[in-house]
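**Student:** Residue numbers (full-length UniProt numbering): 1 to 72. Cβ coordinates follow ideal geometry from the N, Cα and C atoms, glycine included. As the structure is a computational prediction, the values presented were derived from the model and not from experiment.
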Amino acid sequence: MHPVFERMARAYRTIKFARVNVDQSQIIAQRFAVQSIPTFLMFQNGREAQRMVGAVGEPGIHMVAKKFLGRV
Numbered sequence: 001m002h003p004v005f006e007r008m009a010r011a012y013r014t015i016k017f018a019r020v021n022v023d024q025s026q027i028i029a030q031r032f033a034v035q036s037i038p039t040f041l042m043f044q045n046g047r048e049a050q051r052m053v054g055a056v057g058e059p060g061i062h063m064v065a066k067k068f069l070g071r072v
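(1) By DSSP, does Phe40 sit in helix, in strand, or in coil?
(2) Have a look at Lys66 and Gln24 and give me their C-alpha separation to the nearest angstrom.
(3) Determine the DSSP secondary structure at Val56, reduced to helix, strand or coil.
(4) Quick check on Arg7: does DSSP put it in helix, strand or coil?
(5) Under 8 angstroms between the Cβ atoms of Gln44 and Phe17?
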C-alpha cells in the first residue's frame, strides 16, 4: 500500500497524509484501535470521520479523498 499512499499524498496536496508503523508506535495503534493492517483513518475537524480497513485499493481511497474535498 505504500506506493498508493505516496501517490495519494501527491494527488491531494491539501489533505495531510501520515503513515504510522504500528510495531514501532503501539501507543498510537492502541489509541486509535488499529486492529488490522492496513487501516486508513480520515479525520475532519480533529475527529475521526471515516475508517477503512484492509486493502481498499487506490479507487477507494480516491473516492473518500474526493468526498472530503467535496468533489463527489
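**Tutor:** Quick look at the numbers:
(1) Here Phe40 sits in strand by DSSP.
(2) Going by C-alpha positions, Lys66 is about 31 angstroms away from Gln24.
(3) Of the three classes helix, strand and coil, the one that applies to Val56 here is coil, per DSSP.
(4) Reduced to three states, the DSSP call for Arg7 is helix.
(5) The Cβ atoms of Gln44 and Phe17 lie no closer than 8 angstroms to each other.
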